[in-house]
Structure formats: C-alpha cells, structure tokens
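J.: The structure under discussion is supplied below as structure tokens; questions concerning it will follow.
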Amino acid sequence: MKLLFVAAFALFVLSTFDKADSSAYDKIVAHSRIRARKEGPNVCALQQVMGTKKKYFSTCRNWYQGAICGKKATVLYECCPGYMKLDGMRGCPAVAPIDNVYGTLGLVKATSTQNYADISKLRPEIEGSGSYTFFAPSNEAWENLEESVRSALVSNVNIELYNALHYHMANKRFLTKDLKNGMTVTSMYNDLGLQINHYSNGVVTVNCARIIYGNQVATNGVVHVIDRVISAVGSTIEDRIAVDDDLTTLNDIADGSAWLEKLGQPGHYTLFAPSNEAFESLGSDVLERLQALLNFHLLDSVQCSEAIIAGSTYETVEGNNIEIGCDGESLTVNGVKMVRKKDIVTTNGVIHVIDKVLMPDSAKQVMELVGTSQSTFGDMVSELGLSAAMRADAEYTLLAPLNVAFSDEVMSMDQRLLRIILESHILKNKIVLGQLYNGQRLETIGGKFLRVFIYRTAVCIENACLIRGTDVNALRNILLFHINNGIFIGGGLESGVTNLLKSLQGSNLKVMFANNTMQVNSVQVPESDIMATNGVIHFVNQVLYPAERIIQIVEEVPDVTKVTRVIESKPTLTKVTRVIESKPTVTKVTRVIEGAPAITKVTRVLSGPQYTHTGTANLDIEGADVSISHIEGTANFDPESLTKIIQGNTADVLTLYEPVCSFGSSGVRLESKACHRAFAIRAPRLWNELPESTEAVTCCSLVLTPCTVGAITYKLQQTAEGESVTKFLDVR
C-alpha cells in the first residue's frame, strides 16, 4: 500500500510539472485520452496499422482519415502511460507501481532488453542509486535486428552488448517534455551523442527511433520504449558519403564543393542522396548545373522516416519545395517510392538514399521546362535552329503556346516567317510573373518589343494571356480562397443578408442564402451541405477569384496609385495602343482607330447675342459674352429652367463638378483627386454604385447614370479663354 501511495504521489508531482511545460508528445497523449473517455478513466485511444504491430497516438488528421501512411488503421484502447487495469473495474483506475529502471523494463514489456541487461551485467547498475534515462528497444525491435548483429552483441565477451545498452542510456532523467527538437543528449557510452527530434505531430525520435511508450517513471529514472535498436553515431553526413559504397558518384561530383563542406559542419540536415545508379541516367550537361541540383536534395531540418505519418511539404535549400510522405513502410518523395535506404543517422542529420535524382527547374535549361502540352512549340524551336542559337550562359524566358495554337494555317507558313513568329515567343533575360507590370515592354531575341497588359483575371502579353495554372502561387491563393476555417451550412446562415466568411487566403467570401438557394460572391451554389467528418462541402458552378490579389498586382504598377473598384463587366476598350502623358487637347474619345487617325467631328464655339434651343436633348447657346456654349440634358430637358440656373435665378442645383477626364463611349468615368465621397452622398442618383468604404475616396472608377427618374442631369461645355471645360450638374 505504501509503494502504491509513493507511485501515485510521484506521478502526481510529475504530471503537475508537465502541465506547466507540456510538449507535443504530451498533448497528443492527452488528446488520445479524451477520445477514449467513454471507455473509462485513464484509457488512451491508439491507432494500429492493419497487418503490423505499429501503434500511434495519432493526430486529428490521421484519426479522422482512419489511416496511417495511407494504410487502414484500427482503433485500440489501452491504459495511458503510468496506469493499469484492476479486475472487475472499468478503465484503468490504478496507478502503475513504481520500481527501479530494471523492474520498470518488465512493467513496460521490454523483457528482451531486461534479459540483455542481465546477460551484460548491467542489472546492478540500473537497480542501484542514480538517475537514468533508458531508451529501451521493444521486444519487436530486437527481433527485427539483423541476426548477425544480434549474435555479435550477445557473444561470450559481452562487452559489446554492455556498450550497446549504455549507448541507449543517459545519466540524467529526461521526460518527453525535456526532449527538445534538435537537441543532443550525451549517452553513457564514450559520451557519444543521441540525436533527439521532437516533431509537431507528437512523434519523438532518438537517432530516428520512435518513442512508442514514453514517460514510464522509475525510482531511479525513467524508461522510454523505442521501436528499434540504435547504434552509435560519430560521423557527419560528409563522412558517411565518403565511405558509403552506394554514394561514390555523389562523393565524386561533390568533392571539394562548398556544399559538401557544409555537410561536414554542425547542423541539422536531411539529405536525399541519389545512389550511383540514379546518376547514371543523367547527362553531363546536367551535372554542370551541380549547385542547384545538390541543394534540391537537402533540407535544413532533420526528417526521420518514423516522424512521417502523412504527406507534408518541405522547403529545400535550393528554394523549391518537395513533398515527403509515406506509403505503408515505404518513404515517398513527391509521391514516388524512391527511398531504398532510410534513416542513416549522423551527428548532424540523417541520410535517405534514393534511386532517382530529383531535378529542380533551376537545374534545367529553359527548353527542358517545356511540357507535353507545349511540345509542338518545343519541336518547332529545335527544328528551326532557335534552340541551338540560345547561349548556355544566357538567360531566356519562353512564352510557350499550347499545342492547339499551332493550327494547320500556322504550320503551313513559310519557315522564315514561322521563325520570326517563334522568335517573338522567346524573351531576353529571365522574367518571372511577379515582375510584370502594365505597360511594360519586353525584348525578344528577334529585337522586337512586346507589351504587357494587366487585367483583373489575367496577365496578357500583346493579344495572348498567360494560363493561370502556370503561376503556382496564384493557383494556391485561388484554392485557399475556396476554403473557410469553419463549418457553415446553408440553414445556419442568416437569410436574406450577406454573410462575410473569411477564407484561408485572407479575403472575405460573400455568402448569400435566400429561398433555400445559396450564392458565394454572386456565383450560384447548385449543391450544398455535403457533410464530411471534418467539414462541409458546397459545390459552386465556377471558379472563385480573390479580387484583392488582382488589385495588389495593379497597385504595384508605378502609374496607378489606387484602385477602388474593379468593374467585372466586359470592357468596351480592350486594347490600349498609346499613352499620351502631356495635357490632352481631346477631352472625349468616342472610338479607337488602329490606323492613321482621321478627324470625324469638329466642335466649334459659337458666338451670338442670344440663346438658341435646338433638338429635344441638346441646347446650343449663342451669344458674344456667354460662358456656356453647349448643353446636353436628359429626355426631361427643360431649357427655361436651365436658363434660370445659368442666370443664377434658382438654387435647385444639387451639385456642380468638373471631371478631370471626359467620358468614353462606354460611359465609364475615370477620375483622380476630384472625386469625393462627400459629393457622391450629395448626388447619389448620378452613380450606379457607390464604394463600400466610408472613407473619403480620392480616386474613383464609377458608372455615371445621366438619365435618372425624377431628376435632370445636364452636361455643360463652358469656354474660358478659348479652352473648353466640361461640367456636369444635377437638377431636380
């Protein structure tokens, strides 16, 4: 009874300290306890991979998927670490008795390790006084060890077995909360280090061996059961590459490089090392681009295979990402089983030997980036000699048309003309999408210049637009714009109003639910409320685009200072041919003529002694000293009332304002600095739609509605010192 009290008190004290500084391992065990609370006190829910003995305190992701590394997993209910069952009682109500480290090995069913402690004469040490941490291999771990290695350890001399067990021990108590990611624990064998990694998914590894049963407290330390027998490590990644027969080619091509020298320094790296056979498939020209190639195989973190229980993306030293996942017992890279030897532990990281060379875009020549959907372009560039003309030491950008763009008409062209066309698709210098801005001029290898146009939904060069899928970051933003971090069903939304839901991309989704119909950003939702275990799905009948992303692009253009609204209707002006930066003499553009311009209309200031009314919607005023020369009004035109206004005999003028830019034929008014929200509030009928912001608007892009019911809008053309000034006024 006294022993049981001591055990309970020790566990209480340790758990109290744990709460103050809990680790990812502790948190995931706590979640497992919550999942199993219906089974009784102190019961934890684990997942066991079907067909294996591997068990996990799993993450929410794996729990709801019901799988580990893509393999079906069953749910087991076991006593949480430190507790045990009692006959006739529900759950695990009893605290496990506390014993010394040797006795605790039996309690956690690490009986093989306990037996080897007897054989090696280690037992008196771990039964005596002291404070130890024992990373004890499970019985299955010893069974999986190569027979030759195990036989050598239990030979008559026994010193090797004693040293091997000492390497699994530290002369200090370390609970899982004390085992920090990237730390090195000094072992009891020649002070060699044990490489600790503590991952966010709760997995803790020691030299890449996973702790499968942790924090079993003993009177003289703590026992953590691990899933494999670990061996002493004293070499760096550089050292291991130099002696591994599978990596001689890698060692030869990297010999003397700064990259290899880096792997001989202290750090935390993961190297996916291509085998000799993997390099045999590469040409010599690829090996010349060695730096980017090698960096694409290196991570600035240690990723042991046992910590990978689902696919995750990691950034390489080269800068691009690779996906590391698992398929059963196999480790995968970018979804492919290519790891032939894993978890070669070194003092500064881990090596996984792969049978394929990973090829980043940065290690490819530009023509190697041409995909199968642009193969016709690639073939034509090579056939017409343009590929050979591109220097290896220069940088180029390809504007590669899809195969469908090469019609019979194009393919039947004279080869000289076709070469000129293809030259227009090859730009000098390396240009990425984020560097493009509206009005930019790009030089081709043929010496011609192409213009860039930025639109809301596209980035275009001359009359061709870039396919959105070629911009991975833009595609990622679009996908994130379709996801909200919450579960919202149609019936849970307030009906008849706009519900703002923040997307994972950061912008708001405008969701409207009315009459059992849902819309998202004015897009119909034909099917909604499809429930899943971790959320809900609503189908939309077109792709949603985050407008803020386009505005951000446009705002980066030097000539544009602010964008307040994007008009989504089809534009009437689709192509800009020339920008005149000087003060314009033409204040109204009715039509864009691509050829040499001709004068189609001359507006003349008339003079005379009186006002003359002509037409039903226009008033031409003649007079020697008048300031108003031309007036246009709505169908409710009233010349008499307007005359009083001009002469100052009425106060019914709602507003009088001056546009900086006149109207185009589409009726869209572009204005900067002279448009204020205060004006829009005073004369709301002039505008089809107001900005949503309550702040003053210093630049507008709004649609003018001159024909408004119950009101008359006049356009006056006023002369002052020979210059024409257009004004507008709104009259009740």
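Positions -22 to -1, 1 to 710 (mature numbering (1 follows the signal peptide of the UniProt record, and there is no 0)) are the ones given, in order, by the sequence shown.
Even for Gly, the Cβ is constructed at its ideal location relative to N, Cα and C.
Quantities reported herein were computed from a predicted structural model and do not represent experimental measurements.
Could you please give the first and the last residue of the uninterrupted alpha helix (DSSP H) stretch that includes N40?
T.: In the sequence shown, residue 40 corresponds to position 62, counting from 1. From DSSP, the alpha helix (DSSP H) with N40 extends over C38 to Q43.
J.: By the three-class DSSP mapping on this structure, what secondary structure does E17 have?
T.: Position 39 of the sequence shown, counting from 1, holds the residue named residue 17. In the structure shown, E17 sits in a helix (DSSP, three-state: H, G or I).
J.: Given S209, which residues of its chain have a CB within under 6 Å of its CB, disregarding the five upstream and five downstream residues?
T.: Working through the sequence shown from its first residue, we reach residue 209 at position 231. Cβ neighbours of S209 beyond the five flanking positions: none.
J.: Between which residues of its own chain and M358 is the CB-CB distance below 8 Å, once the five residues before and five after are set aside?
T.: To locate residue 358, count along the sequence shown from 1; it is residue 380. So the list reads F384, L396 and L400, once near-sequence residues are dropped.
J.: Which ranges does the beta strand (DSSP E) cover as unbroken runs of at least 3 residues, wholly within the stretch 138 to 174, from first to last along the chain?
T.: If we require 3 residues or more, the beta strand (DSSP E) runs fully inside the stretch 138 to 174 come out as 162 to 164.
J.: So what's L632 in DSSP terms, helix, strand or just coil?
T.: Counted from its first residue, the sequence shown places residue 632 at position 654. Below a pLDDT of 50, predicted positions are generally treated as unreliable, and L632, at 40, falls in that range; no measurement from the model is reported.
J.: Taking one C-beta from the stretch 320 to 333 and one from the stretch 344 to 353 each time, how about it: are there three or more such pairs within less than 8 Å?
T.: Contact fails: fewer than three Cβ-Cβ distances are below 8 Å.
J.: Report the rounded CA-to-CA distance for I148 versus Y167, giving the unit in angstroms.
T.: Mapped onto the sequence shown, residue 148 falls at position 170. Mapped onto the sequence shown, residue 167 falls at position 189. Correcting the residue type first, residue 148 is Ala in the shown sequence and not Ile. Roughly 9 Å separates the two Cα atoms.
J.: Under the DSSP definition of a beta bridge, which residues are partnered with S481?
T.: The sequence position of residue 481 within the sequence shown is 503, counting from 1. Answer is N462.
J.: Is the stretch 215 to 230 touching the stretch 86 to 96 in the sense that three or more CB pairs, one from each, lie closer than 8 Å?
T.: The stretch 86 to 96 is not in contact with the stretch 215 to 230.
J.: Under three-state DSSP, which class holds D4?
T.: Looking up residue 4 in the sequence shown gives position 26. Reduced to three states, the DSSP call for D4 is helix.
J.: How long is the line joining the alpha carbons of residue 797 and N273, rounded to whole angstroms?
T.: The displayed coordinates of the chain run from -22 to 710. Any statement about residue 797 would go beyond what the structure contains.
J.: Leaving out five residues on either side along the sequence, give the residues of the same chain with a beta carbon under 8 Å from the beta carbon of Q418.
T.: Within the sequence shown, the letter at position 440 stands for residue 418. So the qualifying residues of the chain are R429 and V430.
J.: Please look up how many angstroms separate the CB atoms of T164 and I174, rounded, as I've assumed it's under 8 Å.
T.: Counting from 1 along the sequence shown, the entry for residue 164 is found at position 186. Counting from 1 along the sequence shown, the entry for residue 174 is found at position 196. At roughly 11 Å, the Cβ-Cβ gap does not stay under 8 Å, so T164 and I174 are not in contact.
J.: Please report the Cβ distance between T197 and D77, rounded to the nearest whole angstrom; I am assuming they are in contact, meaning their Cβ atoms lie under 8 Å.
T.: Numbered from its first residue, the sequence shown carries residue 197 at position 219. Numbered from its first residue, the sequence shown carries residue 77 at position 99. So it is a contact: roughly 7 Å between Cβ atoms.
J.: Please report how far the alpha carbon of H146 lies from the alpha carbon of V328, in whole angstroms.
T.: Within the sequence shown, residue 146 is the residue found at index 168, counting from 1. Within the sequence shown, residue 328 is the residue found at index 350, counting from 1. H146 and V328: Cα-Cα distance of roughly 18 Å.
J.: Which full runs of the beta strand (DSSP E) of 3+ residues lie inside the stretch 192 to 268, going along the chain?
T.: Here the runs fully enclosed are 199 to 204 and 247 to 252.
J.: Give me the DSSP bridge partner(s) of N486.
T.: Taking the first residue of the sequence shown as position 1, residue 486 is located at position 508. BP columns for N486 point to K480.
J.: Tell me whether G469 sits in a helix, a strand or coil according to DSSP, three-state version.
T.: Locating residue 469 in the sequence shown gives position 491, counting from the first residue. Note: G469 maps to helix in three-state DSSP.
J.: Taking all protein chains shown into account, decide if M496 is buried (16 or more other Cβ within 10 angstroms of its Cβ) or exposed.
T.: As a position in the sequence shown, residue 496 is number 518, starting the count at 1. Classification for M496: buried.
J.: For R15, tell me which candidate among T37, C57 and S1 has the shortest Cα-Cα distance.
T.: For the purposes of this step, residue 15 is identified with residue 37 of the sequence shown, where counting begins at 1. The shortest C-alpha separation from R15 is found at C57.
J.: In three-state DSSP terms, what is Y80?
T.: As a first step, residue 80 is located in the sequence shown; it is residue number 102 there, counting from the start. Reduced to three states, the DSSP call for Y80 is helix.
J.: Please classify A366: is it buried, with 16 or more other beta-carbons within 10 angstroms of its beta-carbon, or exposed?
T.: Translated into the one-based positions of the sequence shown, residue 366 becomes position 388. A366 should be labelled exposed.
J.: Let's test the definition: count the other Cβ atoms within 10 Å of the Cβ of G484 and tell me whether it reaches 16, buried, or not, exposed.
T.: On the sequence shown, position 506 is the one that residue 484 refers to. Exposed, since its Cβ has fewer than 16 Cβ neighbours within 10 Å.
J.: Measuring only the C-alpha atoms, how far is E121 from Y140?
T.: Counted from its first residue, the sequence shown places residue 121 at position 143. Counted from its first residue, the sequence shown places residue 140 at position 162. Each residue's alpha carbon lies about 18 Å from the other.
J.: Looking only at C-alpha atoms, which of Y55, D65, V200 and P19 sits nearest to P71?
T.: In the sequence shown, residue 71 corresponds to position 93, counting from 1. Among Y55, D65, V200 and P19, the Cα nearest to that of P71 belongs to P19.
J.: Take Y61 and list the residues in its own chain whose beta-carbon comes closer than 7 Å to its own, dropping the five residues that flank it on each side.
T.: Translated into positions along the sequence shown, residue 61 becomes position 83. For Y61, where only same-chain residues beyond five positions count, the Cβ hits under 7 Å are N20, C70, A72, V73 and A74.
J.: When you compare each of M28, T30, E17 and S36 to residue 723 by their alpha carbons, which one comes out closest?
T.: Here the chain comprises residues numbered -22 to 710, so residue 723 is not present and cannot be evaluated.
J.: Pairs of beta-carbons, one from the stretch 224 to 240 and one from the stretch 303 to 317, closer than 8 Å: are there three or more?
T.: No, the stretch 224 to 240 does not touch the stretch 303 to 317.
J.: How close, in whole Å, do the beta carbons of N193 and P59 come, if the pair is a contact with beta carbons under 8 Å?
T.: Here the question's residue 193 lines up with position 215 in the sequence shown. Here the question's residue 59 lines up with position 81 in the sequence shown. Yes, they are in contact, since the Cβ atoms of N193 and P59 sit about 5 Å apart, within 8 Å.
J.: Have a look at the DSSP bridge pairing and note the partners of K319.
T.: Residue mapping note: residue 319 aligns to position 341 of the sequence shown, counting from 1. Looking at the DSSP assignment, K319 forms a beta bridge with V331.
J.: Over the uninterrupted alpha helix (DSSP H) stretch that includes I445, give me the two end residues.
T.: Position 467 of the sequence shown, counted from the start, is the residue given in the question as residue 445. Careful: I445 lies outside any alpha helix (DSSP H) and carries neither H nor E.
J.: With DSSP as the reference, identify every bridge partner of T324, one or two as the case may be.
T.: Working through the sequence shown from its first residue, we reach residue 324 at position 346. Looking at the DSSP assignment, T324 forms a beta bridge with G327.
J.: Have a look at residue 725 and G108 and give me their C-alpha separation to the nearest angstrom.
T.: This structure does not reach residue 725, given that the chain is present from -22 up to 710, and the question cannot be answered.
J.: In whole angstroms, what separates the C-alpha of residue 727 from that of A220?
T.: Residue 727 lies beyond the residue range present for the chain, which begins at -22 and ends at 710; the question has no answer from this structure.
J.: Using 10 angstroms around the beta-carbon of K50, count the other beta-carbons present and answer buried if the total reaches 16, otherwise exposed.
T.: To locate residue 50, count along the sequence shown from 1; it is residue 72. K50 comes out exposed.
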